[in-house]
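One structure below.
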Amino acid sequence: MLEREVTIINKLGLHVRAATKLVQLTSEFDADVTIGFNGQTADGKSIMDVLMLAAIVGSVVKVNISGPDPDEEKIVLEKIVNLFEGYFEEKE
């Protein structure tokens with residue numbers, strides 16, 4: 003299992019568009035992904051779970067990746083971190 007904290011830097015936080023991009027990405031892999039924030043844990047493959055976190059800009063979330071393939075875990079975590087650091091492919 004891999005774990006990493008990431009900060010939400012895009013202006014609108016984990017809104018519908020950002021959450022959709024995250025769920026689309028995580029759904030491409032077999033590994034289980036959870037996102038933790040403010041005492042809540044969301045299934046990273048569920049749009050409703052991710053939106054219910056209500057994480058805004060500046061929030062620090064904990065990403066957990068667990069799967070049968072350690073190499074896939076690393077790839078998934080790297081792609082998720084890149085998505086967060088890339089403002090969810092938004093301008094800001």
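Mapped onto this note's numbering, the consecutive letters of the sequence shown carry residue numbers 3 to 94. Just so you know, even glycine gets a beta-carbon here, dropped at the ideal spot from N, CA and C. For clarity, every value in this text was computed on a predicted model and none was experimentally measured.
- Here leucine 16 is not near valine 78, since their CB atoms are 9 Å or more apart.
- The beta-carbon distance between leucine 24 and glycine 46, rounded to whole angstroms, is 7 Å. This is short enough to meet the 8 Å contact definition.
- By alpha-carbon distance to threonine 9, the top candidate from Met3, Gly38 and Phe31 is Gly38.
- In the three-state scheme derived from DSSP, where H, G and I count as helix and E and B as strand, phenylalanine 39 is classed as strand.
- At a Cβ-Cβ threshold of 9 Å, isoleucine 82 and isoleucine 67 count as neighbours.
- Excluding residues up to 5 positions away in sequence, Met3, Leu4, Ala33, Ile67, Ser68 and Gly69 lie with their Cβ nearer than 8 Å to the Cβ of glutamate 75 in the same chain.
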